[in-house]
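Inspection log for the structure reproduced underneath, given as structure tokens.
There are 2 protein chains.
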Amino acid sequence: MEKKQQTFSKSLFAAFYQLTMAQAYWQNNQTGESTFSLFIRRFPASRGYMIFAGLEDILDHLSTFQFNADDIDYLRSLNHFENDFLDYLSDLKFTGQVRAMKEGTVFFPNEPVIEITAPLIEAQLIENYLLNRVNLETVLATKAARAIYAAKGHTISEFGSRRSHGIDSADALVRIGKIVGIESTGNIHGAAKYTQKISGTMAHSFITSFNSEVEAFRAFANSFPDGSTFLVDTFDTEQGTKNAIKVAHEMSENGHQLNAIRLDSGDFGTLSKKVRKMLDADGLTQVKIIVSGDIDEDMISALLESGAPIDSFGIGTKTATSSDAPAIDCVYKLVEYDNTPVMKLSKGKETLAGKKQVFRFKTDNNVYEKDTLALHNEDDKRYSTAHPLLGEVMANGVLKRPHPSLDNLHNHFLKEFASIHEQYKLLDRPKNYPVEQSQALIKLQEETLTKIESIETT
Amino acid sequence: MEKKQQTFSKSLFAAFYQLTMAQAYWQNNQTGESTFSLFIRRFPASRGYMIFAGLEDILDHLSTFQFNADDIDYLRSLNHFENDFLDYLSDLKFTGQVRAMKEGTVFFPNEPVIEITAPLIEAQLIENYLLNRVNLETVLATKAARAIYAAKGHTISEFGSRRSHGIDSADALVRIGKIVGIESTGNIHGAAKYTQKISGTMAHSFITSFNSEVEAFRAFANSFPDGSTFLVDTFDTEQGTKNAIKVAHEMSENGHQLNAIRLDSGDFGTLSKKVRKMLDADGLTQVKIIVSGDIDEDMISALLESGAPIDSFGIGTKTATSSDAPAIDCVYKLVEYDNTPVMKLSKGKETLAGKKQVFRFKTDNNVYEKDTLALHNEDDKRYSTAHPLLGEVMANGVLKRPHPSLDNLHNHFLKEFASIHEQYKLLDRPKNYPVEQSQALIKLQEETLTKIESIETT
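In the order they appear, the protein sequences are chains A and B. Going by the numbering used here, the residue at position 159 of the first sequence is 196; the numbering climbs one at a time, nothing skipped. Going by the numbering used here, the residue at position 264 of the second sequence is 301; the numbering climbs one at a time, nothing skipped.
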């Protein structure tokens with residue numbers, strides 16, 4: 038019974054050192070304006086691009102950021118913070134600026150997807166929440182985009198909610214599914230929240246609770262005469278298909294049609310060909326074949342290459358957890374404080390000083406050619422043909438525009454995805470997309486480095 | 038703006054097919070008593086045991102399971118369910134029995150960790166929630182237990198919340214951290230919820246926001262004179278250590294002590310030895326060394342084997358996402374309906390029919406020797422020396438006992454972990470722990486199979 042009955046706010050979802058630093062900043066009058074960049078340092082396994090997501094939730098969080106009474110009481114109970122500082126915290130709101138890429142945008146390492154400019158303490162206290170949300174939605178969106186790429190237009194449904202890391206994560210999967218074009222989800226809670234289409238058929242327990250498979254199929258068809266998909270592998274896929282065909286003909290006699298059969302185990306390549314033949318031989322050419330069970334982008338790709346006559350793929354666990362790359366190396370780093378550019382030099386984790394902009398160049402065919410990482414205020418003709426990716430979405434803590442709809446973000450994603458050259462989208466060993474640094478950015482790094490070395494060398 | 042303002046309950050966190058099946062059950066009067074087993078089919082990579090967790094949250098969910106008005110309105114809007122069925126759903130509560138292992142218990146494939154006995158529709162509708170929660174907490178608990186094993190008594194703190202899949206998942210990590218013996222967390226929200234110790238030091242942004250590293254250390258020491266850990270790798274670890282030593286001596290002059298220094302990049306083996314020498318040479322033998330950054334059980338093990346003088350490990354991303362095994366193959370299968378044992382035979386996914394008990398045998402030295410998977414009602418003298426792992430925790434939808442405290446579960450885990458032989462705890466290629474099936478269980482499978490074959494063969 039150690040779980041407290043208090044209700045803590047999401048504003049308390051901070052790392053302890055953020056609050057510890059905040060008190061030290063406050064006591065040392067280190068409260069000037071700061072800019073933080075949120076970016077990934079490198080790609081996770083096999084990725085040649087990432088799809089940015091998570092902004093809407095973050096903006097809602099920043100709009101309502103405030104510690105509640107339970108939060109402050111808890112912090113006081115730690116005997117670690119000064120009362121004056123806690124009084125200051127209880128009045129704190131986020132008053133800063135957010136510049137960000139649009140969700141659904143393709144991005145690459147070292148490119149800021151979000152830049153926060155705000156008084157240092159405000160900007161520091163939101164770090165944990167921002168990293169958590171960008172990591173979650175971006176990891177899922179990128180993994181799901183890979184499945185969309187592999188499916189080459191075949192529909193994909195998502196049934197991963199049972200293995201997502203919590204309900205938040207399962208619902209986020211539904212949201213990014215809408216952005217990248219997943220057709221439907223099995224997660225009702227997420228579908229209700231994000232107005233996604235739902236789909237689902239039956240579990241093996243449905244079959245086994247009846248006296249026989251045929252009886253189970255009949256009962257289901259009786260309940261859903263025009264929306265039935267039969268799961269045929271409970272006992273034996275071939276025999277199950279025969280039973281499905283039998284009941285499908287009974288349905289036809291009553292003026293109804295079986296939608297599809299679902300394979301959930303075994304060798305999907307061989308089975309789908311066998312089952313397609315059986316269905317077609319019985320005149321059931323309109324009955325679709327759906328597969329589920331450990332399906333990911335690699336299996337979709339292999340099955341389609343082998344010519345498996347599969348109409349629709351059900352993805353699950355591997356997509357829901359982004360199993361081959363469950364996290365990205367995303368970080369939130371101070372790049373400017375009190376109008377002075379700053380950087381860290383930690384081995385393998387160096388950061389680029391300065392508030393930035395990302396310019397994207399296209400070929401005449403609307404294919405992305407290269408990006409240039411520049412300072413945010415560079416006035417350079419070279420960028421007149423490029424598109425700046427970071428736009429102001431919040432100023433003085435207030436949203437500059439309503440959130441784009443998920444349909445709008447889906448259309449944006451489609452354009453983005455069509456604009457990346459095939460070689461960067463390969464599932465395995467994709468090419469490196471060129472991200473250059475502007476002359477002004479390079480010069481700023483050299484100046485900042487020189488300055489640090491003059492101070493930090495004894 | 039597609040996000041609805043309604044508040045949906047967690048009861049709606051069901052897979053669509055569960056509700057679809059529920060209506061078909063209801064229409065076909067298939068509403069008898071059922072038993073479902075929740076178990077894993079096989080180990081994920083490199084695992085020789087799993088640590089069960091997630092029960093408390095599940096029992097709280099079952100105690101309060103009910104669809105709210107928004108849930109029912111949403112389901113009605115789908116035009117898929119009959120009004121009478123929705124009326125039935127809106128009154129539905131969970132009235133069943135839960136038999137479960139205690140959280141913190143070691144378990145193996147095919148052993149039910151939870152068995153639900155309830156009217157079929159109730160038992161079916163809770164499937165998604167149960168699988169999601171057991172997967173989340175069990176995956177995290179097992180991953181964290183591996184780090185505890187590798188650390189051989191060195192303390193471990195957890196700083197993974199920025200890369201957890203959502204806040205729920207980050208907080209669950211704090212909870213299971215208390216069960217397996219993680220010393221502290223950086224996640225304040227989770228610490229507040231589960232009364233865990235918190236820890237944290239400073240980020241690189243703290244250092245870079247000051248004019249110099251020394252100045253930053255002084256400011257921090259000024260704010261936390263008796264609780265400071267200095268992060269020394271912002272620019273150069275050796276120079277950073279020199280700066281830390283300088284400020285540590287200033288602190289000593291004022292009657293205070295530096296706690297520790299933290300390494301966050303580079304080769305921790307080499308650096309920790311160098312830094313320990315520097316600290317000791319300056320008489321700072323009490324200052325501890327903490328490492329963080331991509332630490333997991335394998336790295337802890339390798340560092341300690343190499344004799345690295347590290348006092349404490351900060352684990353993060355890899356533990357927070359269980360990166361090498363982010364999901365387990367846990368399933369929830371009907372094993373008995375209306376007093377009749379049932380099974381599925383899907384290739385590679387066969388289930389064992391019948392309501393069960395797991396008996397665990399120990400040697401005289403209190404070491405676990407083998408488990409026997411038996412029928413729940415076997416009355417056999419052979420089990421008199423064994424311990425039954427499944428106990429009734431809920432009857433008629435009502436909790437049989439208060440939740441054990443996290444301290445109680447931690448003590449239980451310690452006993453469990455001490456009782457598994459070393460060979461099953463190895464980080465790589467652990468041995469297979471013996472799980473046998475009782476004669477009665479084997480006989481039931483044969484009978485059930487014969488019965489299915491007589492029905493399902495045309």
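The beta-carbon is built from N, C-alpha and C at its ideal position, and this holds for glycine as well.
Could you name the residues of chain A that B/Q64 contacts, counting a contact when the two beta carbons are closer than 9 Å?
Residue 64 of chain B sits at position 27 when you count from the first residue of the second sequence. Ordered by position in chain A, the residues that pass the 9 Å Cβ test against B/Q64 are A256, N259, S260.
Distance, Cα to Cα, A/L451 vs B/A51?
Within the first sequence, residue 451 of chain A is the residue found at index 414, counting from 1. Within the second sequence, residue 51 of chain B is the residue found at index 14, counting from 1. Taking the straight line from one Cα to the other gives about 30 Å.
Euclidean distance between Cα positions of A/K189 and B/R113
Within the first sequence, residue 189 of chain A is the residue found at index 152, counting from 1. Within the second sequence, residue 113 of chain B is the residue found at index 76, counting from 1. So the alpha carbons of these two residues sit roughly 34 Å apart.
Is A/P439 buried or exposed, if buried means 16 or more other CB atoms sit within 10 Å of its CB?
What you label residue 439 of chain A is simply residue 402 of the first sequence in a count that begins at 1. The Cβ neighbour count for A/P439, taken over all protein chains shown within 10 Å, is under 16; the residue is labelled exposed.
Mind checking whether B/F398 and B/E387 have CB atoms under 7 Å apart?
Taking the second sequence and counting its residues from 1, one reaches residue 398 of chain B at position 361. Taking the second sequence and counting its residues from 1, one reaches residue 387 of chain B at position 350. In this structure, B/F398 sits away from B/E387, with a CB-CB distance that is not shorter than 7 Å.
Please classify B/R299: does DSSP put it in a helix, a strand, or coil?
One-based indexing of the second sequence puts residue 299 of chain B at position 262. Under the three-state reduction of DSSP output, B/R299 falls in the strand class.
Check whether chain B comes within 7 Å of A/E493, counting only Cβ atoms and requiring the distance to be less than that.
On the first sequence, position 456 is the one that residue 493 of chain A refers to. Among the residues facing chain B, A/E493 is included, as its CB has a counterpart in that chain under 7 Å away.
Who are the Cβ neighbours of B/K437 in its own chain at under 7 Å, not counting the five residues just before and after it?
One-based indexing of the second sequence puts residue 437 of chain B at position 400. Within the same chain, B/K437 has close Cβ partners E429, V430, M431.
Inter-residue Cα distance where the pair is B/A229 and B/I326:
Counting from 1 along the second sequence, the entry for residue 229 of chain B is found at position 192. Counting from 1 along the second sequence, the entry for residue 326 of chain B is found at position 289. Their Cα atoms are separated by approximately 27 Å.
C-beta contact flag for A/T245 and B/V379 at 7 Å:
The count along the first sequence starts at 1 and reaches residue 245 of chain A at position 208. The count along the second sequence starts at 1 and reaches residue 379 of chain B at position 342. Between A/T245 and B/V379, the CB-CB gap stays under 7 Å.
Count the other C-beta atoms from every protein chain shown that fall within 10 angstroms of the C-beta of B/Q103, then say buried if there are 16 or more, exposed otherwise.
Translated into positions along the second sequence, residue 103 of chain B becomes position 66. The Cβ neighbour count for B/Q103, taken over all protein chains shown within 10 Å, is under 16; the residue is labelled exposed.
Run through chain B and tell me which residues come within less than 7 Å of A/K392, C-beta to C-beta.
For this step, residue 392 of chain A is matched to residue 355 along the first sequence. Simply none; closest approach about 14 Å.
Give me, in chain order, the residues of the same chain whose beta-carbon lies closer than 8 Å to that of B/F131; leave out the 5 immediate sequence neighbours on both sides.
Taking the first residue of the second sequence as 1, we reach residue 131 of chain B at position 94. Answer for B/F131: L99, S100, F102, A155, E159, I163, G434, listed in chain order.
Just to make sure I have the definition right: I need the residues of chain A whose C-beta is within less than 7 Å of the C-beta of B/T68. Which are they?
In the second sequence, residue 68 of chain B corresponds to position 31, counting from 1. What B/T68 touches in chain A, judged by beta-carbon distance under 7 Å, is nothing: the nearest beta carbon there is about 10 Å away.
Is B/L412 closer than 7 Å to B/G391 when the C-beta atoms are compared?
If you number the second sequence from 1, residue 391 of chain B lands on position 354. If you number the second sequence from 1, residue 412 of chain B lands on position 375. Cβ atoms of B/G391 and B/L412: closer than 7 Å.
Could you tell me whether the Cβ of B/L49 comes closer than 7 Å to any Cβ of chain A?
Locating residue 49 of chain B in the second sequence gives position 12, where the first residue counts as 1. Chain A, which has a Cβ nearer than 7 Å to the Cβ of B/L49, makes this yes.
A/R199 to B/P467, Cα distance in whole Å?
Position 162 of the first sequence, counted from the first residue, corresponds to residue 199 of chain A. Position 430 of the second sequence, counted from the first residue, corresponds to residue 467 of chain B. The alpha-carbon of A/R199 is positioned some 28 Å away from that of B/P467.
Cα-Cα separation between A/E39 and B/L443, rounded to whole angstroms
Stepping through the first sequence from its first residue, residue 39 of chain A is reached at position 2. Stepping through the second sequence from its first residue, residue 443 of chain B is reached at position 406. Because A/E39 sits at a pLDDT of 45, beneath the cut-off of 50, its placement in the model cannot be relied upon, and the following sentence gives the value as read from the coordinates. Rounded to whole angstroms, A/E39 to B/L443 spans 7 Å at the Cα level.
Distance CB(B/G237)-CB(A/Y54) smaller than 7 Å
The sequence position of residue 237 of chain B within the second sequence is 200, counting from 1. The sequence position of residue 54 of chain A within the first sequence is 17, counting from 1. Taking the C-beta atoms as reference points, A/Y54 is found nearer than 7 Å to B/G237.
Go ahead and pull the three-state DSSP assignment for B/D375.
Counting from one through the second sequence, the residue named residue 375 of chain B turns up at place 338. Residue state, collapsed to three classes: coil.
Measure the alpha-carbon distance for B/G330 versus A/S421 and round it to whole angstroms.
Here residue 330 of chain B refers to the residue found at position 293 when the second sequence is read from its first residue. Here residue 421 of chain A refers to the residue found at position 384 when the first sequence is read from its first residue. If you take the alpha carbons of B/G330 and A/S421, they lie about 41 Å apart.
Rounded to whole angstroms, how far is the Cβ of A/I213 from the Cβ of A/L177, which I believe are closer than 8 Å?
Residue numbering aside, residue 213 of chain A sits at position 176 when the first sequence is read from its first letter. Residue numbering aside, residue 177 of chain A sits at position 140 when the first sequence is read from its first letter. About 5 Å; that satisfies the 8 Å criterion.
Is B/Y369 helix, strand or coil when you go by DSSP?
Residue mapping note: residue 369 of chain B aligns to position 332 of the second sequence, counting from 1. Residue state, collapsed to three classes: strand.
Nearest-angstrom Cα distance between A/Y461 and A/F145?
Here the question's residue 461 of chain A lines up with position 424 in the first sequence. Here the question's residue 145 of chain A lines up with position 108 in the first sequence. Put simply, the backbone Cα of A/Y461 is about 11 Å away from that of A/F145.
For A/Q134, which residues does DSSP report across the bridge?
Within the first sequence, residue 134 of chain A is the residue found at index 97, counting from 1. Here A/Q134 is bridged, per DSSP, to A/T154.
Among A/L341, A/E290, A/D335, the one whose alpha carbon lies nearest that of A/S83
As a position in the first sequence, residue 83 of chain A is number 46, starting the count at 1. Nearest of A/L341, A/E290, A/D335 to A/S83, Cα basis: A/D335.
Cβ of A/M336 less than 7 Å from any chain B Cβ?
For this step, residue 336 of chain A is matched to residue 299 along the first sequence. Judged by the 7 Å Cβ criterion, A/M336 is not in contact with chain B.
Buried or exposed for B/N280, please, with buried defined as at least 16 other CB atoms from any protein chain shown within 10 angstroms of its CB.
Taking the first residue of the second sequence as 1, we reach residue 280 of chain B at position 243. By the 16-neighbour rule on beta-carbons within 10 angstroms, B/N280 is buried.
Taking its Cβ as the centre, do 16 or more other Cβ atoms sit within 10 Å of B/G351, making it buried, or is it exposed?
As a first step, residue 351 of chain B is located in the second sequence; it is residue number 314 there, counting from the start. Buried.
Give the DSSP-derived three-state secondary structure of A/K468 in the structure shown.
Along the first sequence, one-based indexing puts residue 468 of chain A at 431. The three-state reading of DSSP puts A/K468 in coil, since its state is none of H, G, I, E or B.
Note down, in chain order, each residue of its chain lying with its Cβ closer than 7 Å to the Cβ of B/K215, except the 5 sequence neighbours on either side.
Start at 1 with the first residue of the second sequence, and residue 215 of chain B comes out as number 178. Excluding sequence neighbours, B/K215 sits near Y231, Q233, L443, H447.
Between A/P363 and chain B, is any beta-carbon pair separated by less than 7 Å?
The sequence position of residue 363 of chain A within the first sequence is 326, counting from 1. Chain B, which has a Cβ nearer than 7 Å to the Cβ of A/P363, makes this yes.
Using only the alpha-carbon positions, how far apart do B/L463 and B/E148 sit?
What you label residue 463 of chain B is simply residue 426 of the second sequence in a count that begins at 1. What you label residue 148 of chain B is simply residue 111 of the second sequence in a count that begins at 1. Counting only the Cα atoms, B/E148 lies some 21 Å from B/L463.
Starting from A/I225, follow the beta strand (DSSP E) in both directions and report where the run begins and ends.
By 1-based counting over the first sequence, the position of residue 225 of chain A is 188. It is not in any beta strand (DSSP E) - A/I225 instead sits in the alpha helix (DSSP H) that spans 225 to 231.
First and last residue of the uninterrupted alpha helix (DSSP H) at B/V251
To locate residue 251 of chain B, count along the second sequence from 1; it is residue 214. Counting along the chain, the unbroken alpha helix (DSSP H) around B/V251 starts and ends at 250 to 260.
List the DSSP bridge partners of A/V143.
Mapped onto the first sequence, residue 143 of chain A falls at position 106. For A/V143, which the question treats as bridged, DSSP gives the partners A/I88.
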